[in-house]
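Asker: One structure is given below, represented as structure tokens, and several questions about it will come after.
There are 2 protein chains.
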Amino acid sequence: LTQLSLSSLGERALIQRIAAKIAAQLTSQPPWVLIGPGDDAAVIEPERGTHDVLTTDAVVEGVHFDRAFVPWDAVGYRALAVNLSDLAAMGARPRAALVSLVLPDTIGADDVDRLLDGLLALAAEHRVAVVGGNVTRSPGPLVVDVTAIGSVRPRRILTRAGARPGDEIWVTGTLGGAAVGLQILRGGGREGAEIERYLRPIPRIRAGLLLGRNRAASSTMDLSDGLGDAVRQIAEASAVGMTIDAASLPLSDGVREWHASRGGDPLASAMAADDYELLFTVRPSQRGRLRGVTRQLGQLAMTKIGVVTKGRDVLLAEAAGTRDLPQGFDHFQ
Amino acid sequence: LTQLSLSSLGERALIQRIAAKIAAQLTSQPPWVLIGPGDDAAVIEPERGTHDVLTTDAVVEGVHFDRAFVPWDAVGYRALAVNLSDLAAMGARPRAALVSLVLPDTIGADDVDRLLDGLLALAAEHRVAVVGGNVTRSPGPLVVDVTAIGSVRPRRILTRAGARPGDEIWVTGTLGGAAVGLQILRGGGREGAEIERYLRPIPRIRAGLLLGRNRAASSTMDLSDGLGDAVRQIAEASAVGMTIDAASLPLSDGVREWHASRGGDPLASAMAADDYELLFTVRPSQRGRLRGVTRQLGQLAMTKIGVVTKGRDVLLAEAAGTRDLPQGFDHFQ
Numbered sequence: 008l009t010q011l012s013l014s015s016l017g018e019r020a021l022i023q024r025i026a027a028k029i030a031a032q033l034t035s036q037p038p039w040v041l042i043g044p045g046d047d048a049a050v051i052e053p054e055r056g057t058h059d060v061l062t063t064d065a066v067v068e069g070v071h072f073d074r075a076f077v078p079w080d081a082v083g084y085r086a087l088a089v090n091l092s093d094l095a096a097m098g099a100r101p102r103a104a105l106v107s108l109v110l111p112d113t114i115g116a117d118d119v120d121r122l123l124d125g126l127l128a129l130a131a132e133h134r135v136a137v138v139g140g141n142v143t144r145s146p147g148p149l150v151v152d153v154t155a156i157g158s159v160r161p162r163r164i165l166t167r168a169g170a171r172p173g174d175e176i177w178v179t180g181t182l183g184g185a186a187v188g189l190q191i192l193r194g195g196g197r198e199g200a201e202i203e204r205y206l207r208p209i210p211r212i213r214a215g216l217l218l219g220r221n222r223a224a225s226s227t228m229d230l231s232d233g234l235g236d237a238v239r240q241i242a243e244a245s246a247v248g249m250t251i252d253a254a255s256l257p258l259s260d261g262v263r264e265w266h267a268s269r270g271g272d273p274l275a276s277a278m279a280a281d282d283y284e285l286l287f288t289v290r291p292s293q294r295g296r297l298r299g300v301t302r303q304l305g306q307l308a309m310t311k312i313g314v315v316t317k318g319r320d321v322l323l324a325e326a327a328g329t330r331d332l333p334q335g336f337d338h339f340q
Numbered sequence: 008l009t010q011l012s013l014s015s016l017g018e019r020a021l022i023q024r025i026a027a028k029i030a031a032q033l034t035s036q037p038p039w040v041l042i043g044p045g046d047d048a049a050v051i052e053p054e055r056g057t058h059d060v061l062t063t064d065a066v067v068e069g070v071h072f073d074r075a076f077v078p079w080d081a082v083g084y085r086a087l088a089v090n091l092s093d094l095a096a097m098g099a100r101p102r103a104a105l106v107s108l109v110l111p112d113t114i115g116a117d118d119v120d121r122l123l124d125g126l127l128a129l130a131a132e133h134r135v136a137v138v139g140g141n142v143t144r145s146p147g148p149l150v151v152d153v154t155a156i157g158s159v160r161p162r163r164i165l166t167r168a169g170a171r172p173g174d175e176i177w178v179t180g181t182l183g184g185a186a187v188g189l190q191i192l193r194g195g196g197r198e199g200a201e202i203e204r205y206l207r208p209i210p211r212i213r214a215g216l217l218l219g220r221n222r223a224a225s226s227t228m229d230l231s232d233g234l235g236d237a238v239r240q241i242a243e244a245s246a247v248g249m250t251i252d253a254a255s256l257p258l259s260d261g262v263r264e265w266h267a268s269r270g271g272d273p274l275a276s277a278m279a280a281d282d283y284e285l286l287f288t289v290r291p292s293q294r295g296r297l298r299g300v301t302r303q304l305g306q307l308a309m310t311k312i313g314v315v316t317k318g319r320d321v322l323l324a325e326a327a328g329t330r331d332l333p334q335g336f337d338h339f340q
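Going line by line, the protein sequences match chains A and B.
Number 122 in this note's numbering belongs to position 115 of the first sequence; there are no gaps in the numbering.
Number 144 in this note's numbering belongs to position 137 of the second sequence; there are no gaps in the numbering.
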């Protein structure tokens with residue numbers, strides 16, 4: 008069980024090991040990757056008639072995950088997933104990624120391998136080419152910073168800014184699974200649907216593509232920082248208000264059951280970070296298009312959870328009355 | 008002198024403060040930036056007839072800089088410069104950047120402002136649009152991870168892989184300034200040409216563009232990890248050997264004088280990391296093109312420092328004899 012430590016392996020050897028791993032996974036690089044990993048920079052050919060969509064997000068040990076209960080492959084998986092989720096929210100198709108690893112010497116070379124395995128497995132699922140990156144050591148926590156590049160046709164771009172009063176507010180999938188999964192992990196549990204939701208969230212690439220392609224959404228954002236944050240962001244970018252109907256939030260059976268037996272407010276789980284679903288708004292005139300998207304998506308649920316209002320308040324309507332929508336997760340507080 | 012701490016400011020407010028700063032600096036976003044900072048991802052229009060060039064590199068406190076003597080603006084400047092230097096080595100024109108900030112709570116909001124000032128000043132100099140990024144807190148050191156995106160015409164791409172036996176080995180500018188500057192900073196010095204070389208290295212964008220445009224180089228790499236590393240990388244990628252002539256390495260007068268008065272081996276400074284010059288090889292038949300590049304560049308020196316060989320050894324030729332070229336800087340050793 009002895010692992011090579013990073014300092015005994017050396018940076019050059021480590022980079023070669025990582026590059027070899029990436030090369031082995033890509034049985035064939037797509038033809039549009041002209042220069043992959045190993046040069047000063049990567050060179051890719053843009054897809055004709057599309058724009059480049061660019062996003063970057065870092066996953067930091069001790070902030071975004073705890074290595075005591077998040078396996079290394081899930082660390083790598085999540086680092087890419089959070090970025091793919093951002094591309095999904097723009098209606099983009101992911102194409103390539105760059106991976107920046109800031110590694111403490113307390114992580115072994117085999118752990119880095121597993122981290123990359125998780126990242127590369129998700130990349131393969133979505134045909135994302137890992138075209139470059141960099142490795143540096145850290146006197147502090149592990150940081151995995153991924154940049155994802157996608158493509159989108161100009162008229163299919165989804166933004167946060169198009170919601171109008173009278174639009175309906177919708178969400179993909181179910182809410183609360185990630186928060187409950189995290190609680191179960193903290194309590195010592197190691198498997199189950201909610202834990203999977205936390206460890207290996209599914210970026211809603213296909214839903215984003217179909218919403219864009221069918222022009223079925225007036226605004227879109229992903230839920231990685233929580234529902235409260237996403238609703239506020241769309242409201243602010245679109246200069247509208249929003250009222251969310253608490254009773255309509257789509258909790259999974261597992262989330263309901265966990266709260267029924269363990270207590271706590273299911274609403275808090277539904278509002279928590281790390282459900283990588285899409286929040287989007289739909290004009291009344293787009294309802295037919297949305298039905299088309301729903302049919303094409305098949306299994307994935309789509310739930311109406313509220314309405315866009317002219318007044319700028321962001322509210323939560325419950326049986327007991329209406330109040331300000333609680334805030335999302337804030338890393339600095 | 009009291010600064011807002013990051014935890015009192017809050018992540019959302021901090022992001023808004025950073026976004027406002029970026030927006031203020033970009034008096035007008037270029038027309039090809041369709042969606043800038045503030046959405047789930049940025050959208051940019053590729054330049055017609057060009058490929059995308061992508062690179063990412065992280066600057067880590069305690070590894071790449073010491074906040075005791077590197078001012079915050081220089082931290083930001085260098086984080087972008089290292090990436091622009093990578094684009095230069097591909098013959099690419101930089102267009103856009105994403106900035107990922109991993110911030111310890113020991114950094115104040117004003118410090119973050121200054122860091123961004125330094126980064127944005129260099130971005131403005133090269134007309135680089137900062138189109139996005141993200142902010143997260145860190146229980147450890149500051150990490151600034153920048154992704155830079157450039158464009159290059161297909162036939163003008165410079166790589167590490169084209170050197171052939173008989174090619175000449177050249178380098179831009181002078182060597183050793185960054186290493187000497189770092190020594191002077193460590194000794195308490197705070198200004199001078201060498202310190203500037205360390206704190207605010209000039210990425211050789213124009214040299215890279217001209218080398219690519221004139222097809223004057225058979226291979227190119229930047230020197231950010233040191234001459235020993237760059238020579239080895241080109242030799243390996245091109246499956247050739249290289250012999251560097253120690254006496255021809257272009258040391259600046261300041262570097263010579265510092266070593267004359269303070270001792271130490273000037274060769275060690277010339278081989279150290281952080282001189283952001285370009286190393287490139289030139290076919291004998293390309294000499295005329297290189298002269299054209301030199302004329303167009305004006306002030307920037309170009310010096311022949313060795314030859315490409317058929318035998319795969321990477322050597323340093325000195326008056327005392329020939330030996331293996333010393334290694335470059337390795338973060339893990």
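Where is the CB? At the ideal position from N, CA and C, for every residue including glycine.
(1) Cβ of Val247/A within 8 Å of Cβ of Pro172/A?
(2) Can you give the Cα-Cα distance for Asp112/B and Arg19/B, rounded to whole angstroms?
(3) Roughly how many angstroms separate the alpha carbons of Arg294/A and Val321/A, rounded to a whole number?
(4) Roughly how many angstroms lie between the CA atoms of Asp232/B and Ala200/A, to the nearest whole one?
(5) Taking the alpha-carbon of Val217/A as reference, which of Leu332/A, Ser292/A, Phe287/A and Pro38/A has the nearest alpha-carbon?
(6) Taking buried to mean at least 16 other C-beta atoms within 10 Å of its own C-beta, is Ala327/A buried or exposed?
(7) Listed in chain order, which residues of the stretch 50–69 of chain A have Cβ atoms closer than 7 Å to some Cβ of chain B?
(8) Does chain A have any CB closer than 8 Å to the CB of Gly328/B?
(9) Quick one: which residues of the stretch 206–239 of chain A get their C-beta closer than 7 Å to a C-beta of chain B? List them in chain order.
(10) Keeping to the same chain, check which residues put their C-beta closer than 6 Å to that of His266/B; ignore five residues upstream and five downstream.
(11) Return the residues of the stretch 241–265 of chain A that lie within a Cβ-Cβ distance of less than 8 Å from chain B, sorted by chain order.
(12) Is it buried or exposed, Gln306/A, if we count other Cβ atoms within 10 angstroms and call 16 or more buried?
(13) Name, please, each residue of chain B whose Cβ falls closer than 9 Å to the Cβ of Ala96/A.
(14) Apart from the five residues just before and just after Pro343/A, which ones in its own chain have a Cβ nearer than 7 Å to its Cβ?
(15) Taking a contact to mean a Cβ-Cβ separation below 8 Å, would you say Val58/B touches Val50/A in this structure?
(16) Please work out which residues of its chain come closer than 8 Å, Cβ to Cβ, to Arg74/B, disregarding the five sequence neighbours upstream and downstream, and give them in chain order.
(17) Does DSSP put Asp281/A in a helix, a strand or coil?
(18) Any beta-carbon of chain B closer than 8 Å to the one on Ala279/A?
(19) Considering only residues of the same chain and omitting the five flanking positions on each side of Ala86/B, which have a CB-CB separation below 7 Å?
(20) Based on Cα-Cα distance, which residue from Glu132/B, Lys317/B, Asn221/B and Ala116/B lies nearest to Pro101/B?
(21) Consult DSSP for Asn90/B and reduce its assignment to one of helix, strand or coil.
(22) Among Val119/B, Val40/B, Ile241/B and Asp281/B, which one has its Cα closest to the Cα of Leu206/B?
(23) Who are the neighbours of Leu87/A on chain B, taking C-beta pairs under 9 Å?
(24) Does the pairing of the stretch 34–45 of chain A with the stretch 38–55 of chain B give three or more beta-carbon distances under 8 Å?
(25) Output the distance between the C-alpha atoms of Pro208/A and Glu243/B, rounded to the nearest integer angstrom.
(26) Verify whether the separation of the beta carbon atoms of Val7/B and Ala170/B is less than 8 Å.
(27) Contact between the stretch 102–109 of chain B and the stretch 187–198 of chain B: three or more CB pairs below 8 Å?
(28) On the premise that Gly183/A lies in contact with Leu94/A, defined as a C-beta separation below 8 Å, what is that separation, rounded to the nearest angstrom?
(29) Rank Val289/A, Pro53/A and Ser276/A by C-alpha distance to the C-alpha of Thr166/A and give the top, closest one.
(30) If you scan the stretch 170–208 of chain A from start to end, which runs of the alpha helix (DSSP H) of 4 or more residues do you find wholly inside it?
(31) Going straight from the alpha carbon of Gly270/B to that of Gly45/A, what length do you get?
(32) Could you tell me whether the Cβ atoms of Arg220/B and Arg163/B are closer together than 8 Å?
(33) Grouping DSSP H, G and I as helix and E and B as strand, with all else coil, what is His266/B?
(34) Whose Cβ in chain A lies nearer than 9 Å to the Cβ of Ile29/B?
(35) Using only the alpha-carbon positions, how far apart do Met228/B and Leu234/B sit?
(36) Using a Cβ-Cβ distance cut-off of 8 Å, determine whether Gly167/A contacts chain B.
Answerer: Straight from the coordinates:
(1) yes
(2) 15 Å
(3) 23 Å
(4) 46 Å
(5) Reading off the sequence shown, one finds Leu at residue 217/A, where the question assumed Val. Nearest of Leu332/A, Ser292/A, Phe287/A and Pro38/A to Leu217/A, Cα basis: Phe287/A.
(6) exposed
(7) Val50, Ile51, Glu52, Pro53, His58, Asp59, Val60, Leu61, Thr62, Thr63, Asp64, Ala65, Val67 and Gly69
(8) no
(9) Met228 and Asp229
(10) Pro273
(11) Ala244
(12) exposed
(13) Asp46, Asp47 and Ala48
(14) In this structure chain A extends from 8 to 340, so residue 343/A is not present and cannot be described.
(15) Contrary to the premise, residue 58/B reads as His rather than Val in this sequence. Their beta carbons are under 8 Å apart, which means His58/B touches Val50/A by this criterion.
(16) Glu68, Val82 and Leu149
(17) coil
(18) no
(19) Val66, Leu126, Val151 and Val153
(20) Glu132/B
(21) helix
(22) Asp281/B
(23) Residues of chain B passing the Cβ test: none, with the nearest at roughly 14 Å.
(24) no
(25) 40 Å
(26) Examination of residue 7/B is not possible in this model, given that chain B is present from 8 through 340 alone.
(27) no
(28) The pair is not a contact, with the Cβ atoms about 24 Å apart (cut-off 8 Å).
(29) Val289/A
(30) 184–193 and 200–206
(31) 37 Å
(32) yes
(33) helix
(34) None at all; the shortest Cβ gap to chain A is about 14 Å.
(35) 10 Å
(36) Looking at the sequence itself, residue 167/A is Arg, so the reference to Gly does not match. Cβ-Cβ to chain B under 8 Å: yes for Arg167/A.
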